[in-house]
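Asks: Below is one structure. I have some questions about it.
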Amino acid sequence: MKTKSNLKNIVNKNQIPLGPFHPLLEEAEYFNITVDGETVVDIDMDTGWMHRGHEFISEQKTFTQSIYLVERICGICSTSHPLACVHAVEDVDNIEIPLRGRYIRTLVGELERIHSHLLWVGLAGHFIGYDTVWMWAWKYREPVLQMFEIISGNRNHYGMLRVGGVGKDVDPASVPELNKILDTLDKKMDMIAKIANDDPVLRSRLVNVGILSKKDAIDFCAVGPTSRASGVRGDIRKDEPTDAYDLVDFNEIITKNGDVYDKFVVRVLETLESIKICRQCLNKLKIIDGPILNNVKEISAGEGIGRYEAPRGEVFHYVRTDGTNRPIRHKVRAPSYNNIPTFQASCKGIPIADALITLAGVDPCYCCTERAIRVTDKNNKKNNIDLLKLSRDKTSNIRGNF
Amino acid sequence: MADYQEFINEMGSKIKVEIKKKRRLYFQVKNDDILEIIDHLFNKMGCRLSTATATETYNGVEALYHFSDDKTGNYYCPRVVMKDKENPEMNSITPIVKGAEWIEREMAEWWGIKFIGHPRPIPLLSRNHPKAPNKPMRCGR
Amino acid sequence: MGWYNKRLAKSLWVFHISGSPCNNCDIEILDLITPKYDVERLGIKLVGSIRHADVLLVTGVFNEKVAPKIKKIYEQAPKPIFVVAIGSCPSSGTVFKNSYNIVENRESVIPIDMYIPGCPPKPEAMIEGVAKLMEKLNG
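Protein chains in written order, with numbering that gives the first Met the number 0: chain A, 0 to 401; chain B, 0 to 140; chain C, 0 to 138.
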């Protein structure tokens with residue numbers, strides 16, 4: 000028999016399904032958010048909607064084929080995954096990479112960081128109903144893709160990397176043009192940094208929203224901007240400088256609060272650092288001449304760990320070889336895998352209108368705006384579009400006050 | 000290399016060092032000692048769990064944890080070998096490291112490893128899956 | 000239905016779902032509505048619900064878990080609906096065709112009217128594809 004308090008629980012606690020076609024996530028996930036009134040009390044996740052079995056396929060491919068496979072894990076991190084993969088294979092035999100190849104790797108990796116962070120800034124604006132930020136940020140993302148087209152020939156999925164170096168050289172004649180694009184980008188990024196500082200709507204929507212404490216960030220083993228915004232030190236580029244990262248000068252951005260605003264700031268400032276690194280790489284590419292690829296004949300049996308600081312955090316690849324031309328085990332761990340469980344800590348106790356931006360706050364590789372479907376249609380269940388509307392209404396109310 | 004020599008001395012006979020490389024240390028641990036080692040790595044040394052890898056070899060099913068020491072850039076990889084291929088079992092480290100919840104659920108689901116003491120032993124990727132694959136990553140699948 | 004299709008071609012409303020893609024095609028689709036390409040000038044609009052849509056864009060190789068949901072979305076759509084598959088994945092399966100978790104024949108899940116290949120297709124290619132669809136609808 001139901002007691003009175005039980006009944007009260009049932010009446011007050013509503014469940015809001017998010018997904019499974021939720022736009023926020025790389026592995027499209029199904030979230031079941033339990034709310035009490037307007038406050039989130041619990042969050043449950045169901046993943047696996049995007050599982051394609053990369054680790055299984057990789058065991059059937061050679062090391063060079065693997066690079067093209069891991070590129071297609073995620074379209075946004077399509078340099079980070081191959082970079083970590085070649086680092087892992089190189090770690091088995093301690094393969095040296097030519098200097099020019101190292102600079103080209105760093106250049107491509109940092110350009111990817113700029114485009115990924117701009118993408119996040121835009122979508123964060125979109126989720127809080129501030130579409131101007133979205134349009135502007137994506138407008139300034141286009142020059143980066145143009146740079147990629149000049150360097151690699153494709154807007155995404157560059158296919159630049161090989162075990163032992165890079166597969167395609169940067170044409171020295173294109174360097175002045177690339178520098179010119181970076182100059183315009185620099186000015187625009189300064190503008191976006193100022194927006195983050197000044198804009199009252201952005202501040203009132205993001206400050207003190209979805210706080211992830213330092214202790215939780217350590218407990219959940221969060222990585223990248225998610226943990227750095229909470230004050231946890233950790234940047235693979237500094238900790239284990241591969242490629243040209245020990246030869247270039249840059250700062251690690253750390254903030255203290257751990258709210259979505261701090262994540263915003265970390266990402267915008269990191270973009271400025273990345274532009275700085277790109278400049279240094281381009282300058283060096285003018286001077287340094289030489290081979291770009293070390294010819295690797297064979298990989299001996301052994302185990303290797305490769306990692307790289309992707310835009311979202313540490314990408315981890317583990318390769319175990321047996322002396323043939325293909326791995327017997329290839330483990331891939333994307334940064335979102337560690338960052339997504341932090342929702343359990345950061346989402347509890349916040350208003351439901353803020354939940355969406357908190358979910359988006361860790362940059363879980365989300366790709367599109369509105370792909371939500373209504374999965375259940377019982378009473379007192381809202382669908383995801385309502386949630387987006389709630390979030391946008393809150394911003395328009397705030398905007399009205401200014 | 001001198002960095003992790005201290006760790007090897009402290010642990011003594013509990014670990015069996017397999018591979019020593021620049022910044023990488025792979026060692027074998029018995030299932031009974033794993034919790035103690037992980038407590039030492041995570042709480043005392045302040046390492047961060049990167050992830051864990053399960054592999055099937057001739058010796059049995061292996062679970063290899065990857066702990067990153069962000070201060071020095073070293074990697075500590077404790078490996079647990081389960082001889083019983085039919086019903087592999089090991090102690091769950093999730094009560095100590097919260098971040099291991101997902102990866103242990105994934106290993107349980109794709110390799111059939113049973114984690115003793117896991118707080119939420121439900122499948123991660125094949126939950127509500129209409130045609131859930133049966134241990135697809137094992138040999139002889 | 001010639002007269003109906005002509006009306007439809009004036010302003011196509013597009014709904015987008017992803018069946019296990021790598022996000023790249025999805026981002027390029029989103030790129031289309033931002034200032035550089037701006038397909039809203041052609042009357043194309045990305046909508047939030049399948050019930051408002053005339054065109055369904057699908058990306059990716061469908062995995063076994065997501066395929067029934069895609070089918071469900073297609074069933075919810077008002078007919079006629081035109082399904083456009085974006086990228087190489089829906090057409091050939093690319094690198095994923097040996098996986099244990101993907102649907103072998105995407106057309107057995109939903110009927111696909113048009114393929115735009117490329118990994119990912121350039122935004123110009125997608126605009127051309129949609130323009131061809133409009134041409135077809137206009138007769």
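Idealized CB from N, CA, C, for every residue including glycine.
Would C/K71 pass as an interface residue toward chain B - the criterion being a Cβ-Cβ separation below 9 Å?
Replies: By one-based count along the third sequence, residue 71 of chain C stands at place 72. False, the Cβ-Cβ gap to chain B never drops below 9 Å.
Asks: When DSSP labels each residue in this structure, what does A/T368 get in the three-state scheme?
Replies: Translated into positions along the first sequence, residue 368 of chain A becomes position 369. The predicted position of A/T368 is uncertain, since its pLDDT is 25 and thus under 50; no value can be drawn from it.
Asks: Grouping DSSP H, G and I as helix and E and B as strand, with all else coil, what is A/K167?
Replies: Working through the first sequence from its first residue, we reach residue 167 of chain A at position 168. Three-state DSSP puts A/K167 in coil, outside helix and strand.
Asks: Look at the alpha carbon of A/E25 and the alpha carbon of A/I194, and state the distance between them as a whole number of angstroms.
Replies: Stepping through the first sequence from its first residue, residue 25 of chain A is reached at position 26. Stepping through the first sequence from its first residue, residue 194 of chain A is reached at position 195. Per-residue confidence for A/E25 stands at a pLDDT of 44, beneath the threshold of 50, marking its modelled position as unreliable; the derived number appears in the next sentence. When rounded, the distance between both Cα atoms is 28 Å.
Asks: Quick check on DSSP: helix, strand or coil for A/T375?
Replies: Numbered from 1 along the first sequence, position 376 holds the residue referred to as residue 375 of chain A. Confidence at A/T375 is low in this model, with a pLDDT of 32, below 50, so the placement of that residue should be treated as unreliable; the coordinate-derived value is given next. If DSSP states are grouped into helix, strand and coil, A/T375 belongs with coil.
Asks: Can you name, in chain order, every residue of its own chain whose Cβ lies under 6 Å from the Cβ of C/V30, other than the five neighbours on each side?
Replies: The count along the third sequence starts at 1 and reaches residue 30 of chain C at position 31. In the sequence as presented, Val is not what sits at residue 30 of chain C; that position holds Asp. Cβ within range, chain order: P122.
Asks: Using a Cβ-based criterion (distance less than 8 Å to any ligand heavy atom), does A/R99 qualify as near the ligand SAM?
Replies: Although the ligand SAM was asked about, the structure shown includes no ligands whatsoever.
Asks: What would DSSP say about B/H76, mapped onto helix, strand or coil?
Replies: Sequence index remark: in the second sequence, residue 76 of chain B carries index 77 (1-based). The displayed chain sequence assigns Cys, not His, to residue 76 of chain B. Three-state result, B/C76: strand.
Asks: Which whole-angstrom value is the C-beta distance of A/A359 and A/F263, which I expect to be below 8 Å?
Replies: Within the first sequence, numbered from 1, the residue matching residue 359 of chain A stands at position 360. Within the first sequence, numbered from 1, the residue matching residue 263 of chain A stands at position 264. Between A/A359 and A/F263 a beta carbon distance of about 11 Å is seen, past the 8 Å cut, so the two are scored as non-contacting.
Asks: Cβ of B/D69 less than 9 Å from any chain A Cβ?
Replies: Along the second sequence, read from residue 1 onward, the residue named residue 69 of chain B stands at position 70. So yes, B/D69 belongs to the interface.
Asks: Of the residues that make up the region 140 to 167 of chain A, which ones have a beta carbon closer than 8 Å to any beta carbon in chain B?
Replies: none
Asks: At the level of alpha carbons, what is the spacing between A/E58 and B/Y64?
Replies: For the purposes of this step, residue 58 of chain A is taken as the residue at position 59 of the first sequence. For the purposes of this step, residue 64 of chain B is taken as the residue at position 65 of the second sequence. Using only the alpha carbons, I get a separation of about 20 Å.
Asks: Would you be able to state if there are at least three C-beta pairs under 8 Å between the region 126 to 140 of chain A and the region 182 to 191 of chain A?
Replies: yes
Asks: Of all the CB atoms in chain A, is at least one closer than 9 Å to the CB of C/L29?
Replies: As a position in the third sequence, residue 29 of chain C is number 30, starting the count at 1. Chain A, which has a Cβ nearer than 9 Å to the Cβ of C/L29, makes this yes.
Asks: Using only alpha-carbon positions, find the residue among B/Y25, B/P94 and B/D69 that is nearest to B/E61.
Replies: Numbered from its first residue, the second sequence carries residue 61 of chain B at position 62. The residue with the shortest Cα to Cα distance from B/E61 is B/Y25.
Asks: In chain order, what residues of the same chain lie with their CB nearer than 7 Å to the CB of A/E54, ignoring the 5 residues before and after it?
Replies: Start at 1 with the first residue of the first sequence, and residue 54 of chain A comes out as number 55. So the qualifying residues of the chain are H329, K330 and V331.
Asks: Just to confirm the assignment: which complete alpha helix (DSSP H) runs, minimum length 4, are found wholly within the region 64 to 127 of chain C?
Replies: 66 to 75 and 87 to 91
Asks: When burial is assigned at 16 or more other CB atoms within 10 Å of the CB, is A/I66 buried or exposed?
Replies: Here the question's residue 66 of chain A lines up with position 67 in the first sequence. Buried, since its Cβ has 16 or more Cβ neighbours within 10 Å.
Asks: Using DSSP's beta-bridge definition, name the partner residues of A/V318.
Replies: As a working mapping, residue 318 of chain A is identified with position 319 in the first sequence. Answer is A/G303 and A/H329.
Asks: Would you call the region 110 to 128 of chain C and the region 71 to 85 of chain C in contact, with 3 or more CB pairs under 8 Å?
Replies: yes
Asks: CA-CA distance, B/M81 and B/D31?
Replies: If you number the second sequence from 1, residue 81 of chain B lands on position 82. If you number the second sequence from 1, residue 31 of chain B lands on position 32. Going by the C-alpha atoms only, they are around 12 Å apart.
Asks: Any idea if A/N378 is buried or exposed, counting beta-carbon neighbours within 10 angstroms, 16 or more meaning buried?
Replies: Mapped onto the first sequence, residue 378 of chain A falls at position 379. Caution applies to A/N378, whose pLDDT of 37 falls short of 50 and renders its modelled position unreliable; the model cannot decide the point.
Asks: Taking just the CA atoms, how far does B/I33 sit from B/P141?
Replies: With chain B covering only 0 through 140, there is no way to say anything about residue 141 of chain B.
Asks: If I follow the unbroken alpha helix (DSSP H) through A/A83, where does it start and stop?
Replies: On the first sequence, position 84 is the one that residue 83 of chain A refers to. In the DSSP annotation of this structure, the continuous segment of the alpha helix (DSSP H) that includes A/A83 starts and ends at S79 to D92.
Asks: By a C-beta neighbour count over all protein chains shown, 10 Å radius and 16 as the cutoff for buried, is C/D25 buried or exposed?
Replies: As a first step, residue 25 of chain C must be located in the third sequence, where it is residue number 26. C/D25 is buried by the Cβ-count criterion.
Asks: Helix, strand or coil: how does DSSP classify C/Y36 here?
Replies: Numbered from 1 along the third sequence, position 37 holds the residue referred to as residue 36 of chain C. Three-state DSSP puts C/Y36 in coil, outside helix and strand.
Asks: Around the C-beta of A/I96, are 16 or more other C-beta atoms found within 10 angstroms, so that it is buried, or is it exposed?
Replies: Residue mapping note: residue 96 of chain A aligns to position 97 of the first sequence, counting from 1. Buried, since its Cβ has 16 or more Cβ neighbours within 10 Å.
Asks: Which residues, in chain order, does the region 49 to 78 of chain B contribute to contact with chain A at a C-beta distance below 7 Å?
Replies: S49, T50, T52, T54, H65, D69, G72 and Y74
Asks: Residues of chain B with CB closer than 9 Å to the CB of C/P176, please, in chain order.
Replies: Residue coverage of chain C in this structure runs from 0 to 138, which leaves residue 176 of chain C outside it and unanswerable.
Asks: Would you check if the distance between the CB atom of C/E27 and the CB atom of A/N155 is smaller than 9 Å?
Replies: On the third sequence, residue 27 of chain C is found 28 positions in, with the first residue counted as 1. On the first sequence, residue 155 of chain A is found 156 positions in, with the first residue counted as 1. Yes, the pair counts as a contact, with Cβ atoms nearer than the cut-off.
Asks: In chain order, what residues of the same chain lie with their CB nearer than 6 Å to the CB of C/Q75, ignoring the 5 residues before and after it?
Replies: Here the question's residue 75 of chain C lines up with position 76 in the third sequence. If you ignore the 5 residues before and after C/Q75, its C-beta comes within less than 6 Å of the C-beta of I49, all in its own chain and listed in chain order.
Asks: Could you work out which residue in A/R306, A/R325, A/K347 and A/L181 is closest to A/T78 when comparing CA atoms only?
Replies: Taking the first sequence and counting its residues from 1, the one referred to as residue 78 of chain A is at position 79. Among A/R306, A/R325, A/K347 and A/L181, the Cα nearest to that of A/T78 belongs to A/R306.
Asks: Excluding sequence positions up to five away, which residues of its chain have a Cβ less than 6 Å from the Cβ of C/D53?
Replies: What you label residue 53 of chain C is simply residue 54 of the third sequence in a count that begins at 1. Non-local C-beta neighbours of C/D53 in its own chain, meaning closer than 6 Å and more than five positions away in sequence, comprise L7, L11 and W12, ordered along the chain.
Asks: For the structure I just gave you, are there three or more beta carbon pairs, one from the region 105 to 121 of chain B and one from the region 88 to 96 of chain B, closer than 8 Å?
Replies: yes
Asks: Please return the same chain residues whose Cβ sits closer than 7 Å to the Cβ of A/G322, not counting the five positions on each side in sequence.
Replies: What you label residue 322 of chain A is simply residue 323 of the first sequence in a count that begins at 1. Excluding sequence neighbours, A/G322 sits near S299 and A300.
Asks: What in chain C is Cβ-close to B/P135, meaning under 8 Å?
Replies: Within the second sequence, the letter at position 136 stands for residue 135 of chain B. Taking a Cβ-Cβ cut-off of 8 Å, the neighbours of B/P135 in chain C comprise Y99 and N100, given in sequence order.
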